[in-house]
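Chemist: According to numbering that gives the first Met the number 0, the sequence shown is numbered sequentially starting from 0. Backbone N, C-alpha and C define an ideal beta-carbon position, used for all residues, glycine too. If you're wondering where the values come from, they're calculated on a predicted model, not measured in any experiment.
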Amino acid sequence: MVDAYFSRAGSRFAAPLVFAVLLLGDSAAAQEIAWNAIRSPAPGEPNAIGAYANGCLLGAEELPPEGAGYQAIRLSRHRNYGHPELVQFIIDLGARLDEVGIGPVLIADMAQPRGGPMPSGHISHQSGLDADIWFRLDLPRLPRSARDFVPAEIMVDRGDWRLRTEVWTDAQATILHLAATDPRIARIFVHPVLKRDMCEREWEDRTFLRTLRPWFGHDAHFHVRLQCPDDNPDCQPQNSIPPGEGCGEELLSWFPEPGEPPPRPRPSQRVPPTPSETCVAVATME
Ligand SMILES: [Zn+2]
């Protein structure tokens, strides 16, 4: 598998780069790549490589730190990069929110300049197609430095899974609706309680609800995941979403039995995957 996708992508790289990969080629070296220390995007045509949770990115763009309808936070983490389609998605979503008088929304982690695993916080966000957007809407425009330590507002009481209607309003539901109806979206992860609220609302066209995928966490932000861009053959799509709105049995299965405490995520036992040879090459490109 790795070989197959190295050979497809490999043809685009210059010979010295491939040679460098051969020298670097064992997995121990691959594991040691400090992706978070890389400050510049890899040059080349934009290419989301590999899987959302084991991949990397060529030709990333930096999200402008502020724009209509949004402002990016935690810029010192250098995670405000993405495939140009992701950057454009956020700019477009911000513009639509601005038109309806919502925002600015806070854009948190996207990807590192060349993607790859992050030292903290995420398993995915590796191929430049994932972004976290906060639900908190009460902050004015802030200078960049003041956006580095912004507390999150949690929309669900974590003790009893009650929707915090004092902070969760129609505006948040509108944001999810606007994001989820964008054809570039593959999935949006939200807390099961938030998905339930979206299911209980009236919508003219309910087909977007299927892209809202219940998941632990995601109660202070939602996580957008774009489809593989058309011309990125090295991008590995995820399995397709089951048919239907996902508002019935599937959603119910997330909720505790009466009298039981809400479920908690189990700590991940996942061993970080070895980066592909292609991604080792992306990390080491000059
Ligand atoms: Zn995320």
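With distance defined between alpha-carbon atoms, name the residue in R135, D97 and E84 nearest to L105.
Modeler: Considering only alpha carbons, the answer is R135.
Chemist: Residues near ligand 1, CB to any non-hydrogen atom under 6 Å, in chain order?
Modeler: So the residues near ligand 1 by this Cβ test are H121, H124, D129, D131 and H222.
Chemist: Could you check what DSSP says for W160 in three-state terms: helix, strand or coil?
Modeler: Coil at W160, not helix or strand.
Chemist: Consult DSSP for Q214 and reduce its assignment to one of helix, strand or coil.
Modeler: The sequence shown places Trp at residue 214, rather than the Gln named in the question. Residue state, collapsed to three classes: coil.
Chemist: Among the residues of its own chain, which have a CB less than 6 Å from the CB of A3, if the five just before and after it don't count?
Modeler: Bear in mind that the predicted position of A3 carries a pLDDT of just 29, short of 50, making it unreliable; the figure below should be weighed with that in mind. The answer is none, since no qualifying residue turns up.
Chemist: How would you write the range of the alpha helix (DSSP H) that C198 sits in, first residue to last?
Modeler: Segment P191 to E199, the alpha helix (DSSP H) holding C198.
Chemist: In chain order, what residues of the same chain lie with their CB nearer than 7 Å to the CB of N231, ignoring the 5 residues before and after it?
Modeler: N46 and A47.
Chemist: Comparing C-alpha positions only, which one of D108, G58, G100 and R38 sits nearest to A71?
Modeler: The shortest C-alpha separation from A71 is found at D108.
Chemist: Which residue's Cα is closest to the Cα of R205: L74, K194 and G66?
Modeler: Cα-wise, what sits closest to R205 is K194.
Chemist: Cα-Cα, which of G243, F254 and H222 is closest to P264?
Modeler: It is F254 whose Cα lies nearest to the Cα of P264.
Chemist: State the CB to CB distance for the pair C55 and Q125, rounded to an integer number of angstroms; the pair is presumed to be in contact (CB under 8 Å).
Modeler: The pair is a contact, with the Cβ atoms about 7 Å apart (cut-off 8 Å).
Chemist: Could you spell out where the beta strand (DSSP E) holding G54 opens and where it closes?
Modeler: It spans N53 to L57 - the beta strand (DSSP E) in which G54 sits, taken as one unbroken run.
Chemist: Going along the chain, which residues of its own chain have a beta-carbon closer than 7 Å to the beta-carbon of E84, five neighbours each way excluded?
Modeler: Result list for E84: R183, L225 and P228, in chain order.
Chemist: Give the range of the alpha helix (DSSP H) segment to which Q87 is assigned.
Modeler: Here the alpha helix (DSSP H) through Q87 covers P83 to E98.
Chemist: Can you say whether E165 is buried or exposed, counting buried as having 16 or more other CB atoms within 10 angstroms of its CB?
Modeler: Burial call: exposed.
Chemist: Quick one: grab the DSSP three-state call for H121.
Modeler: Here H121 sits in coil by DSSP.
Chemist: Going by beta carbon distance, what residues of the same chain come within less than 8 Å of I101, once the five residues before and after it are set aside?
Modeler: The answer, listed in chain order, is G68, L136, A170, T173 and I174.
Chemist: Can you say whether E60 is buried or exposed, counting buried as having 16 or more other CB atoms within 10 angstroms of its CB?
Modeler: E60 should be labelled buried.
Chemist: Ignoring anything shorter than 4 residues, give me the alpha helix (DSSP H) runs that lie fully in the segment 195-281, in order along the chain.
Modeler: Here the runs fully enclosed are 248-251.
Chemist: Is the distance from the Cβ of P142 to the Cβ of S39 below 7 Å?
Modeler: Their beta carbons are not under 7 Å apart, which means P142 does not touch S39 by this criterion.
Chemist: Please report how far the alpha carbon of S288 lies from the alpha carbon of D147, in whole angstroms.
Modeler: No statement about residue 288 is possible, as the shown extent of the chain runs from 0 to 285 and does not include it.
Chemist: Put Q111 into one of helix, strand or coil per three-state DSSP.
Modeler: Three-state result, Q111: coil.
Chemist: Cβ of R209 within 7 Å of Cβ of R186?
Modeler: Result no, Cβ atoms of R209 and R186 do not sit closer than 7 Å.
Chemist: Can you give the beta carbon distance from H207 to T168, rounded, assuming they're within the 8 Å contact cut?
Modeler: In the sequence as presented, His is not what sits at residue 207; that position holds Phe. So it is not a contact: roughly 19 Å between Cβ atoms.
Chemist: When the Cα of D159 is compared with those of P261, S144 and G127, which residue comes out closest?
Modeler: Closest option to D159, Cα to Cα, is P261.
Chemist: Cα separation between E248 and T283?
Modeler: Near 47 Å, if we compare the C-alpha coordinates of T283 and E248.
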